[in-house]
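First to last, the sequence lines map onto chains A and B.
Residue numbering for the first sequence follows the working numbering, beginning at 482 and increasing consecutively.
Residue numbering for the second sequence follows the working numbering, beginning at 482 and increasing consecutively.
The C-beta atom is built at its ideal place from N, Cα and C for all residues, glycine as well.
There are 2 protein chains.
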Amino acid sequence: MTDPTSPPADRRTRKRLATRQAISLAADRLFRARGFEHVTVDEIAEAADVGRMTVFNHFARKEDMVFDRDEEGREILRDALRARDPGVSPIETLRRRAHRLVAEQAPFVRFSDASRAFVQTVEDSETLKARARAIRDELAQVVTSALAESVGRDPTDPDAHLAAGLLLATWTVAFVQGHLTFRTMRNPETAEATFLALVDKGAKGAEAAMAGTPYA
Amino acid sequence: MTDPTSPPADRRTRKRLATRQAISLAADRLFRARGFEHVTVDEIAEAADVGRMTVFNHFARKEDMVFDRDEEGREILRDALRARDPGVSPIETLRRRAHRLVAEQAPFVRFSDASRAFVQTVEDSETLKARARAIRDELAQVVTSALAESVGRDPTDPDAHLAAGLLLATWTVAFVQGHLTFRTMRNPETAEATFLALVDKGAKGAEAAMAGTPYA
DNA sequence: GCTGAATGTATACTGGGTACACAAACACAC
DNA sequence: GTGTGTTTGTGTACCCAGTATACATTCAGC
Numbered sequence: 482m483t484d485p486t487s488p489p490a491d492r493r494t495r496k497r498l499a500t501r502q503a504i505s506l507a508a509d510r511l512f513r514a515r516g517f518e519h520v521t522v523d524e525i526a527e528a529a530d531v532g533r534m535t536v537f538n539h540f541a542r543k544e545d546m547v548f549d550r551d552e553e554g555r556e557i558l559r560d561a562l563r564a565r566d567p568g569v570s571p572i573e574t575l576r577r578r579a580h581r582l583v584a585e586q587a588p589f590v591r592f593s594d595a596s597r598a599f600v601q602t603v604e605d606s607e608t609l610k611a612r613a614r615a616i617r618d619e620l621a622q623v624v625t626s627a628l629a630e631s632v633g634r635d636p637t638d639p640d641a642h643l644a645a646g647l648l649l650a651t652w653t654v655a656f657v658q659g660h661l662t663f664r665t666m667r668n669p670e671t672a673e674a675t676f677l678a679l680v681d682k683g684a685k686g687a688e689a690a691m692a693g694t695p696y697a
Numbered sequence: 482m483t484d485p486t487s488p489p490a491d492r493r494t495r496k497r498l499a500t501r502q503a504i505s506l507a508a509d510r511l512f513r514a515r516g517f518e519h520v521t522v523d524e525i526a527e528a529a530d531v532g533r534m535t536v537f538n539h540f541a542r543k544e545d546m547v548f549d550r551d552e553e554g555r556e557i558l559r560d561a562l563r564a565r566d567p568g569v570s571p572i573e574t575l576r577r578r579a580h581r582l583v584a585e586q587a588p589f590v591r592f593s594d595a596s597r598a599f600v601q602t603v604e605d606s607e608t609l610k611a612r613a614r615a616i617r618d619e620l621a622q623v624v625t626s627a628l629a630e631s632v633g634r635d636p637t638d639p640d641a642h643l644a645a646g647l648l649l650a651t652w653t654v655a656f657v658q659g660h661l662t663f664r665t666m667r668n669p670e671t672a673e674a675t676f677l678a679l680v681d682k683g684a685k686g687a688e689a690a691m692a693g694t695p696y697a
């Protein structure tokens, strides 16, 4: 049995992933040390000991070296709604998943010094903030489709768009406020409490907004 | 009495505004004809008969030639909450203002062929969409501060952030869906109805989310 | 080994944005 | 009028992300 997380037997693929990781590690180290905006792609290539074009081979944009796990977030949201209990509303389903993610210490809702540094890196760069906003919009689109599908409506349903917009707004604010709380309190539990309290409030609002629709 | 909208007496200022408008007009014409991404700043400078640096003198970024009225939007939001009737909740106050803006045919919520073309230009450009998202975040910040101030809370109040996030999400979705409706129906009244219906739903949700706080 | 596809790389280019230095136009004083 | 300091316009030179392209290398599969 091969561990699915171990390098694949294929040598070409192994080398490819090694190169990618070398670039990612070099970039991370440089970004942390000097900040995203003050590192050039040439320097990353130099530090990773590859050619400049190789960097763009693995990461289409410089920002992708920071946000290289956004697909996981999309998958979490899709997965949460895929096999939903029909007795529980889609909005409530997502609220419970948020609680479960916190309980499971999932990477995206873990409040630690590492995540604090990550958030700080993003906060310090206009380019990274722009990318974060774009990812947020992509997530909203995913939630819109998943919501509509889970109740058998068309993915262009305006109510699905509104519900997804309200939920994404909620999670974004909860995420940011959770990290602000962690920064001042230095206490993961307090940060989680802030995060979940806001998620619950937002879910309550979304349920009320969607009253009379299948989403609530 | 000098009309405040007429050119100021100061010749220097008059010339400055004339140059700015020449650039803005030239840019608008080129963007509409070929799309934002397929026009270079050099071409705009050429068309406006000014130097390249002069363009950047008036518009810090290329996108600013498209979004040159974002300050008005901020002012509308600040103004709506500034002298609020204490008997009406801040969220309800903003909901009513949205209705009033539609009734007054305010530029930001008017559904016409011109606005349709504008929305299309933005939709076709990743750069412009990124700027639109950034402006949305700036508006959320304005609403956060205005909300907190209108109820005498600190501008860092997490509830204010959540309320503002919910409202901005609502208006964004309503704006987009309103324009989608206009594109298919070619009827401003139907588009306005879509817009206002979503604004009302979102407001209802925001009130529910903020139950027990001064914002609702 | 042969062959074709991935992968890595150098070179050259496009275009937005910045730094800086300088010239012209102008308001305001005298 | 004549200076004088400031605003505005402008050219030059630069930085850096991102693209196109052509070429070399490495590997998998036959």
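{"query": "Identify the contact partners of ALA541/B in chain A, using a Cβ-Cβ distance below 9 Å as the criterion.", "result": "Correct list: empty, because the minimum Cβ distance to chain A is about 12 Å."}
{"query": "Measuring alpha carbon to alpha carbon, tell me which of ASP549/B, VAL623/B and VAL590/B ends up nearest ARG501/B.", "result": "ASP549/B"}
{"query": "Could you give the DSSP three-state label for GLN601/A: helix, strand or coil?", "result": "helix"}
{"query": "Can you find a CB in chain A that lies within less than 8 Å of the CB of ARG614/B?", "result": "yes"}
{"query": "How is THR483/B classed by DSSP in three states: helix, strand or coil?", "result": "Legend: pLDDT at THR483/B = 37, less than 50; position of this residue unreliable, no value from coordinates given."}
{"query": "Answer yes or no: does any C-beta atom of chain B fall closer than 8 Å to that of LEU575/A?", "result": "no"}
{"query": "Note down the Cα distance separating VAL680/A from GLY646/B, rounded to an integer number of angstroms.", "result": "12 Å"}
{"query": "For HIS519/A, which residues in chain B fall below 8 Å Cβ to Cβ?", "result": "None at all; the shortest Cβ gap to chain B is about 20 Å."}
{"query": "Determine the closest residue to VAL632/B out of ASP551/B, ARG664/B and ALA697/B, with distance taken between C-alpha atoms.", "result": "ALA697/B"}
{"query": "Are the beta-carbon atoms of ALA687/A and ALA621/A separated by less than 8 Å?", "result": "no"}
{"query": "Between which two residues does the alpha helix (DSSP H) carrying GLY554/B extend?", "result": "551-563"}
{"query": "Name the chain A residues whose beta carbon is nearer than 9 Å to that of ASP618/B?", "result": "LYS610 and ARG614"}
{"query": "Quick one: using the 10 Å Cβ neighbour count with 16 as the cut-off for buried, is SER606/A buried or exposed?", "result": "buried"}
{"query": "Under a Cβ-count criterion, where at least 16 other Cβ atoms within 10 Å of its own Cβ denotes burial, should THR625/B be classed as buried or exposed?", "result": "buried"}
{"query": "Taking VAL654/A as the query, report the chain B residues whose CB atoms sit under 7 Å from its CB, ordered along the chain.", "result": "HIS642, LEU643 and GLY646"}
{"query": "When the cut-off is 8 Å and only beta carbons count, does LEU679/B lie next to chain A?", "result": "yes"}
{"query": "Could you work out which residues of chain A lie near LEU562/B, taking near to mean beta carbons separated by less than 9 Å?", "result": "Near LEU562/B there are no residues of chain A at all, since even the closest Cβ is about 19 Å away, more than 9 Å."}
{"query": "Should PRO485/B be labelled buried (16 or more other beta-carbon atoms within 10 Å of its own) or exposed?", "result": "Residue placement at PRO485/B is poorly supported in this model, since its pLDDT is 45, which falls under 50; the coordinates are not used for a value here."}
{"query": "Under a Cβ-count criterion, where at least 16 other Cβ atoms within 10 Å of its own Cβ denotes burial, should THR637/B be classed as buried or exposed?", "result": "exposed"}
{"query": "What three-state label does DSSP hand THR535/B in the structure shown?", "result": "helix"}
{"query": "Looking at the unbroken alpha helix (DSSP H) that takes in ARG664/B, where does it start and where does it end?", "result": "639-666"}
{"query": "Determine, using beta carbons only, whether LEU628/A comes closer than 8 Å to chain B.", "result": "no"}
{"query": "Excluding the 5 residues preceding and the 5 following ALA561/A in the sequence, name in chain order all residues of the same chain whose CB lies nearer than 7 Å to its CB.", "result": "THR574, LEU575 and ARG578"}
{"query": "Within 8 Å (strictly less), CB to CB, does PRO717/B reach chain A?", "result": "Summary: the structure shown does not reach residue 717/B, with chain B confined to residues 482 through 697, and so no result is reported for it."}
{"query": "Apply the 10 Å Cβ neighbour rule to LEU649/A and answer buried if 16 or more other Cβ atoms are within range, or exposed otherwise.", "result": "buried"}
{"query": "Between the segment 493-505 of chain B and chain A, which residues of the former have a C-beta closer than 8 Å to a C-beta of the latter?", "result": "none"}
{"query": "For chain B, find out if any of its Cβ atoms is closer than 8 Å to the Cβ of THR675/A; answer yes or no.", "result": "yes"}
{"query": "By how many angstroms is the C-alpha of HIS660/A removed from the C-alpha of ASP640/B?", "result": "15 Å"}
{"query": "With a CB to CB cut of under 6 Å and the five nearest residues on each side skipped, what residues in its chain are close to ARG542/B?", "result": "none"}
{"query": "Using only CA atoms, which one of GLN586/A, ARG559/A, THR675/A and ARG614/A lies nearest to GLU630/A?", "result": "ARG559/A"}
{"query": "Quick check on ALA629/A: does DSSP put it in helix, strand or coil?", "result": "helix"}
{"query": "Determine, using beta carbons only, whether THR608/B and GLU518/B come nearer to each other than 8 Å.", "result": "yes"}
{"query": "Return no unless some Cβ of chain B is closer than 8 Å to the Cβ of ALA672/A.", "result": "no"}
{"query": "Strictly under 8 Å for the Cβ-Cβ distance: is GLN658/B near chain A by that measure?", "result": "yes"}
{"query": "By how many angstroms is the C-alpha of ILE525/B removed from the C-alpha of ALA655/B?", "result": "33 Å"}
{"query": "Within this structure, are the beta carbons of ALA611/B and ALA611/A separated by less than 8 Å?", "result": "yes"}
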